[in-house]
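See below for the structure under consideration.
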Amino acid sequence: MVSLSYFSIGLAVAAFAAQAVNGAPATEEVSHSEHSKHHVSNHRFHHAHREHHGKKSTKAPVKKSTKKPTNKKTQKAKSTVKLTKKSTKSIKKSSSKKHVSKSLTKKAPTGSSGTGASGVSSSDVQTILSAHNADRKDHSAPALTWNATLASYAQNWSNGCVFKHSGGPYGENLGEGYGSWKDVVDAWYSEGDLYDYSNPGFSESTGHFTQVVWIGTRSIGCGVTKCSSLSGAPLYTCSYYPPGNYLGEFKQNVLEH
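Residue numbers (mature numbering (1 follows the signal peptide of the UniProt record, and there is no 0)): -23 to -1, 1 to 234.
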């Protein structure tokens, strides 16, 4: 577990939960639309929460399908989450998402080997996998494998330097201002101290943890960019497939240590 002394952590949480569709093709369309809200807290954590309803295609995006926001949009988004955060110190924030009323294609992302276009090094890939898989082992979850398509998607989103969720079809954890991949993964996992196994379900305060240890998730890809628009802080993004945090599926996917 990582102490987050005198740092504030922002949590942007996006929401989806699975509804099975009998006989649906691999590229079926599903319900999806979204609204988001951001608020600034004077407490230790800053939360940014989104829920998704409506219609949306769940076909796994590839590199050419991700378009990074312009600098002008980045600056505007930054102001919505850091209104009172002016400081000479690095600011640490996190954001995860949950899934509501969403039926996903069963087709996994392509490019399941190598680092792809992700900005992380081969050494970073091993750190990310080792940190996740050590935590997952403690909760009887299978080890994750690296997926280049997920890594490219995550890197493209980090390149936009906007601390909010991408709205894509994958599970997603975000972090800003941490010093290393080990630090950010440890911070996500540390939320497990707050998880109530006797009342399993989604919580804004534990969403990163539940995605990290989600049994149904099998692959991961991550990206990071140092953002001048975020005072030089690195923006970390990890994409997960199949995504976790489905309402109604926590009991069987988040097991006690």
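We treat Cβ as the ideally placed atom computed from N, Cα and C, and that holds for glycine. Please read all numbers here as calculations on a predicted model, not as lab measurements.
C-beta atoms of residue i and residue j nearer than 7 Å
i, j, result
"Y217", "T183", "no"
"G221", "G148", "yes"
"N124", "T202", "no"
"Y213", "G152", "yes"
"E168", "F186", "yes"
Terminal residues of the alpha helix (DSSP H) in which residue i lies
i, result
"K228", "227 to 230"
"N110", "99 to 114"
Contacts around residue i, its chain only, beta-carbon distance under 7 Å, and the 5 residues preceding and following it disregarded
i, result
"E233", "Y174"
"D101", "W158"
"T171", "The sequence shown places Leu at residue 171, rather than the Thr named in the question. S182, T183, listed in sequence order."
"Q103", "none"
Sequence-distant residues of the same chain with beta carbon closer than 8 Å to residue i, five excluded per side
i, result
"V189", "H109, D112, R113, N150, V162, W165, Y166"
"S107", "none"
Minimum C-alpha distance to residue i - residue among the options
i, options, result
"Q229", "H116, G96, S99, C215", "H116"
"S180", "P211, P219, L224", "L224"
"C204", "Q132, S107, T126, L127", "Q132"
"L127", "G209, S196, W191", "S196"
"G209", "W134, P219, D170, G154", "G154"
"V231", "W191, P219, C215", "W191"
Residue i - containing beta strand (DSSP E), residue span
i, result
"Y166", "Element bounds for Y166: not the beta strand (DSSP E) but the alpha helix (DSSP H), 158 to 167."
"L121", "Counting along the chain, L121 falls outside any beta strand (DSSP E), and DSSP gives it neither H nor E."
"G148", "148 to 153"
"G209", "Here G209 belongs to no beta strand (DSSP E), and DSSP marks it neither H nor E."
"G184", "Per DSSP, G184 belongs to no beta strand (DSSP E); it is in the alpha helix (DSSP H), 184 to 190."
"G221", "Where G221 is concerned, there is no enclosing beta strand (DSSP E), given that its DSSP letter is neither H nor E."
"G198", "196 to 204"
Neighbourhood of residue i by C-beta, 6 Å cutoff - its chain only, sequence neighbours within 5 removed
i, result
"I105", "W158, C199"
"S143", "W134"
"P211", "V201, K203"
"S18", "Confidence is the limiting factor: at S18 the pLDDT is only 31, short of 50, which leaves the residue's position unreliable, though a coordinate-based value still follows. So no residue of the chain qualifies."
* Asked: Are there three or more Cβ pairs, one per stretch, closer than 8 Å when the region 117 to 124 is compared with the region 171 to 179?
  -> Verdict: no, contact absent.
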